[in-house]
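This is how it looks when you write it as structure tokens:
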């Protein structure tokens, strides 16, 4: 084994070990035998930890590789997926999280029982569990393994075939992720996420910085100017109606998607539910919004830089272009650190989903339907066993994704679209209207699922951009709820009650930070639109 490889392995082990040590130290006083301690980190999370975990739960190899590949082909127009998240996080901080903490929620479906009925809660919980287990866990594991293999050539390092290298990587990621999720609960997940998140920001920013320094002869601005002059159209954030992400979608389905993902998605919002008080939850959400404005420097700009280096060479295999940039600009002695960062990003998404599914099964299924008097210790034990079993299932099924065509892989990704618009529709109606009835919510849930499946895979000649389709479905869902509620009205008016779980005093800088984030988002479009 040569010296460079030894140094790479040592730096990888040191960073990964430092994350594990920090996580253990942070957990030493946490009561992991209580349901709050295991599923919500003892409701003790601070804003910085909430933000770090949210960011890393969101970003994985499909972002680093997939989004950079997308921007390599389509340019900065794909920035909409990222920067508009900050507006959704502002809305979540001001309107959603105060209501959730007031109710003392552990899971989002709990609210649906309070607002509608037990059947609505169970339907949504089952849909979420199914979507996580079938479409997310195996894909996260496999895409993570593919990303690490393409970036660092694990099979070459180990001297095995690529398929064996992927299998070894899948087992390693799945095992380590399961250890965090099973033995440490949410708090282990969020603390490891925080350190890995810092590493991701440092490592991810190094790639465009080193590239621009090389292009600009040690001057970043000169490098950026050369990249712009090479292909100014790549900096266009408006695009045409037939673009991959037309500007108009910002005002239709995209904002619904962002509201769901950042304000109602169990995997994401569970971190804010574990905050020690409303102040820390709002800090975490708004700090995440700041990160999302900066994140395009890591997952969009490098793709455009790739076009400067490689032109059209990777248009047919766009996901291969970011690893090429990493290998081109990153010094060999930093590969171990960067590998640990990428591993941490994959682990974060995987163990976060494991923890959220365990929470949903334990709280919304087992406690609700099988044993309402179950003790906290037994509920936690069920959560641990659930995480362990799901990790094994994901490890076993992840390689099967390798047998799928690229179209089927995209199909699996699109499956998530079946679920989130119907769930977002009834959640928003439940939070912001008073008279929508339970039967209206259930009818809309079923209608939304059927409508999206039919319009996406049944009637495919409509020519409507899929994000616009989300917006159309949302309007139809809301209309249906009002119509059904007119004929089958709710008999009493719902009001959220404060059960006094945490302090609900608002963070004093919430308004200032919210205005700043919204202004920054608009200015990005104004400035880039003006420049191009």
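Numbering (our numbering), first residue to last: 50 to 581.
Virtual Cβ for every residue (Gly too), placed ideally from N, Cα, C.
As the structure is a computational prediction, the values presented were derived from the model and not from experiment.
Check                                                                                                                                                            : Outcome
For residue 575, count the other beta carbons within 10 Å of its own beta carbon; 16 or more makes it buried, fewer makes it exposed. Which is it?               : exposed
Output the distance between the C-alpha atoms of residue 306 and residue 470, rounded to the nearest integer angstrom.                                           : 7 Å
Helix or strand or just coil, what does DSSP make of residue 267?                                                                                                : coil
Please state whether DSSP places residue 94 in a helix, a strand or coil.                                                                                        : strand
Using C-beta distances below 6 Å, list every residue in its chain close to residue 384, excluding the 5 sequence neighbours before and after it, in chain order. : 57
Would residue 145 be called buried (16 or more neighbouring beta carbons within 10 Å of its own) or exposed?                                                     : buried
With distances taken from CA atoms, which of 164, 136, 135 is nearest residue 149?                                                                               : 164
What's the gap between the Cα of residue 521 and the Cα of residue 578?                                                                                          : 27 Å
For the alpha helix (DSSP H) containing residue 310, name the first residue and the last one.                                                                    : 302 to 312
Inspect the beta-carbon positions of residue 113 and residue 364 and report whether they are closer than 8 Å.                                                    : no
Taking residue 89 and residue 235 to be in contact with their CB atoms under 8 Å, please state how far apart those CB atoms are, rounded to whole angstroms.     : 6 Å
Tell whether a beta-carbon distance below 8 Å holds between residue 194 and residue 207.                                                                         : no
Can you tell me which of the three DSSP states residue 400 falls into?                                                                                           : helix
Can you tell me the Cα-Cα spacing of residue 437 and residue 394, whole angstroms?                                                                               : 20 Å
Let me know the secondary structure DSSP gives residue 420 once reduced to three states.                                                                         : coil
Start and end of the alpha helix (DSSP H) containing residue 333?                                                                                                : 327 to 343
State buried or exposed for residue 573, treating a residue as buried only when at least 16 other CB atoms are found within 10 Å of its CB.                      : buried
Helix, strand or coil for residue 324? Go by DSSP, reduced to three states.                                                                                      : strand
To which residues of the same chain is residue 69 closer than 8 Å at the C-beta, ignoring the five residues directly before and after it?                        : 241
Classify residue 530 as buried or exposed, calling it buried when 16 or more other Cβ atoms lie within 10 Å of its own Cβ.                                       : buried
Could you check where the alpha helix (DSSP H) with residue 434 kicks off and where it finishes?                                                                 : 425 to 446
Within this structure, are the beta carbons of residue 484 and residue 534 separated by less than 8 Å?                                                           : yes
Using alpha carbons as the reference points, say which of 389, 523, 318 lies closest to residue 155.                                                             : 318
Please tell me whether residue 519 and residue 302 are closer than 8 Å, where the distance is taken between their beta carbons.                                  : yes
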